[in-house]
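Numbering-wise, the sequence shown is residues 102 to 472 according to the numbering used here. Think of the CB as a built atom: it goes at the ideal place given N, C-alpha and C, for glycine as much as any other residue. On a predicted model such as this, the values are computed, not experimentally measured, just so you know.
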Amino acid sequence: MCRLFRFHCCISIECQQSPTLFRAVLLLLAFGLSQTVLASGNASYVSTKKEALAFPLCVSGIPSTICLNSKDYPGVVRVAKQLQDDIYRVTGSHPGLSMDTIPRSHAVVLIGTLGKDPVIDRLVEKKKLDVNGIAGRWETFLIQVVDNPFPNVARALVIVGSDKRGTIYGMYDLSEQIGVSPWNWWADVHVKKQSALYVLPGRYTRGEPKIKYRGIFINDEQPALWGWASEKFGGFNHKFYAHVFELILRLKGNYLWPAMWGRAFYDDDSLTAPLADEYGIVIATSHHEPMMRAHDEWRRYGKGGKWNYEKNDSSLREFWREGIKRMGSYESVVTLAMRGDGDEPMTQEANVALLERIVMDQRKILADVTG
102 MCRLFRFHCC
112 ISIECQQSPT
122 LFRAVLLLLA
132 FGLSQTVLAS
142 GNASYVSTKK
152 EALAFPLCVS
162 GIPSTICLNS
172 KDYPGVVRVA
182 KQLQDDIYRV
192 TGSHPGLSMD
202 TIPRSHAVVL
212 IGTLGKDPVI
222 DRLVEKKKLD
232 VNGIAGRWET
242 FLIQVVDNPF
252 PNVARALVIV
262 GSDKRGTIYG
272 MYDLSEQIGV
282 SPWNWWADVH
292 VKKQSALYVL
302 PGRYTRGEPK
312 IKYRGIFIND
322 EQPALWGWAS
332 EKFGGFNHKF
342 YAHVFELILR
352 LKGNYLWPAM
362 WGRAFYDDDS
372 LTAPLADEYG
382 IVIATSHHEP
392 MMRAHDEWRR
402 YGKGGKWNYE
412 KNDSSLREFW
422 REGIKRMGSY
432 ESVVTLAMRG
442 DGDEPMTQEA
452 NVALLERIVM
462 DQRKILADVT
472 G
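This is the structure in structure tokens:
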């Protein structure tokens, strides 16, 4: 897993939404996400009419079976089931999901990650699938119709990713192409029903993202979003964040600063961080929460000590060390340095020399814990 340590620079944008939307202030770190275009241009690769050599995703109420390997990333398996549901939303027909077995069929949807799915790797070895444009790339996918991929299959729509998020993006890209908006759940975006869906022949990819980390900051969430989340989910727990993670990925994002007002992402619900890792969401913390510790955790576990490095450096170092230990192998971006309590200056006398010492000590903790 990738662990990255860096300072953050952010721009805040306030959003007023309807009751069914996020009613928080979101910090968009780099969401020029939906502006990327397909390698083949802006044209859709899904049609509702039969065309020459088009792949029958769903015709006459019969959807093509989705096939994948159970040893692929759990997040890939999870999103494949969401693709099933998306096809059902559009067509009214629920495709089958075949794990580890390719059924004898005229057409199947084959989903997998390079190096994780032996069926995909076999297609590459037999030169039935050219992955030169995605292999070794960051978060890249390819969607392509392959003829006669196996003796018992006439055609396969292959969705292959260079890594976990690449495969997930490929599936969500197809969902959006068939008419399921990334905002389908959050904004109650209507799904237009279709009697048939075809994927046009060709190679479809969006290439590597231009910006490596792209995501949101759930900011100023008290009381609007908190009240709604408490009523619907019981708080900012894994049930709530599952919808946040899905939205980020459907928008081709990968990154989150969680809610922080009286909240602690890791501490409030032990299931939330593993779910983020399953989805492939990179977790970071705000400018006021160094070393993967929510500021409210200091209130909970700081034993009444001062949030002041000049007067309480030993306790703060131990507090931060526990945050890095808890991070483990999860993909994370670690915030360094330190703000004063309440996001204010630590003291009127705080200076560059103190900040340099804080960062140096934090870097030592990172080196000691992560090796």
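Looking at the structure shown, is residue i part of a helix, part of a strand, or coil, going by DSSP?
i: residue 199; result: strand
i: residue 136; result: Interpretation of residue 136 is limited by its pLDDT of 35, a score under 50 that renders its predicted location unreliable; the figure taken from the coordinates is listed afterwards. Of the three classes helix, strand and coil, the one that applies to residue 136 here is helix, per DSSP.
i: residue 454; result: helix
i: residue 396; result: helix
i: residue 391; result: helix
i: residue 436; result: coil
i: residue 297; result: strand
i: residue 147; result: strand
i: residue 127; result: At residue 127 the pLDDT is 38, less than 50, meaning the model places this residue with poor confidence; the figure from the coordinates comes in the next sentence. Residue state, collapsed to three classes: strand.
i: residue 270; result: helix
i: residue 363; result: coil
i: residue 169; result: strand
i: residue 464; result: helix
i: residue 141; result: Unreliable placement is indicated for residue 141, whose pLDDT of 40 sits below 50; the coordinate value is still reported in the next sentence. Residue 141: coil per DSSP, three-state reduction.
The beta strand (DSSP E) with residue i in it runs from where to where?
i: residue 320; result: 316-320
i: residue 186; result: Where residue 186 is concerned, there is no enclosing beta strand (DSSP E), although the alpha helix (DSSP H) it sits in stretches over 175-192.
For residue i, count the other beta carbons within 10 Å of its own beta carbon; 16 or more makes it buried, fewer makes it exposed. Which is it?
i: residue 392; result: buried
i: residue 212; result: buried
i: residue 265; result: buried
i: residue 372; result: exposed
i: residue 231; result: exposed
i: residue 390; result: buried
i: residue 161; result: exposed
i: residue 238; result: buried
i: residue 142; result: No answer about residue 142 holds up, because its pLDDT of 42 lies below 50 and its placement is not dependable.
i: residue 258; result: buried
i: residue 154; result: exposed
i: residue 430; result: exposed
i: residue 147; result: buried
i: residue 276; result: buried
i: residue 307; result: buried
i: residue 170; result: buried
i: residue 195; result: exposed
i: residue 335; result: exposed
i: residue 468; result: exposed
Report the residue from the options whose alpha carbon sits nearest the alpha carbon of residue i.
i: residue 297; options: 190, 216 and 424; result: 190
i: residue 358; options: 351, 370 and 345; result: 345
i: residue 428; options: 155, 382, 367 and 472; result: 367
i: residue 327; options: 247, 341 and 262; result: 341
i: residue 292; options: 279, 205 and 302; result: 279
i: residue 458; options: 438, 468, 219 and 472; result: 438
i: residue 168; options: 220, 192, 411 and 216; result: 220
i: residue 379; options: 343, 399 and 395; result: 343
i: residue 177; options: 227, 197, 262 and 149; result: 262
i: residue 158; options: 170, 206 and 200; result: 206
i: residue 440; options: 434, 433, 452 and 432; result: 452
i: residue 442; options: 465, 434, 407 and 421; result: 407
i: residue 204; options: 255, 471 and 234; result: 255
i: residue 247; options: 284, 303, 314 and 404; result: 303
i: residue 352; options: 233, 454, 272 and 434; result: 272
i: residue 435; options: 411, 464, 224 and 409; result: 464
i: residue 414; options: 456, 385 and 182; result: 456
i: residue 474; options: 300, 365 and 216; result: Any answer about residue 474 is impossible in this case: the structure gives the chain only from 102 up to 472.
Identify every residue that forms a DSSP beta bridge with residue i.
i: residue 276; result: Its beta-bridge partners do not exist; DSSP assigns none.
i: residue 239; result: In DSSP, residue 239 forms no bridge with anything.
i: residue 164; result: 159
i: residue 257; result: 209 and 247
i: residue 358; result: 318
i: residue 214; result: 262
i: residue 72; result: Residue 72 is absent from the model: the chain starts at 102 and stops at 472.
i: residue 406; result: Paired residues: none, contrary to the question.
i: residue 472; result: DSSP lists no partner for residue 472.
If you follow the alpha helix (DSSP H) that residue i is in, where does it begin and where does it stop?
i: residue 223; result: 219-226
i: residue 383; result: Taken as a continuous stretch (DSSP letters only), residue 383 belongs to no alpha helix (DSSP H), being part of the beta strand (DSSP E) at 383-385.
i: residue 306; result: Neither: residue 306 is in no alpha helix (DSSP H) and is coded neither H nor E.
i: residue 350; result: 339-351
i: residue 415; result: 410-428
i: residue 328; result: 325-334
i: residue 378; result: 373-380
Taking only heavy atoms of the ligand COA into account, decide whether any of them is closer than 7 Å to the Cβ of residue i.
i: residue 463; result: What this structure holds is no ligand at all, so the ligand COA is not there to describe.
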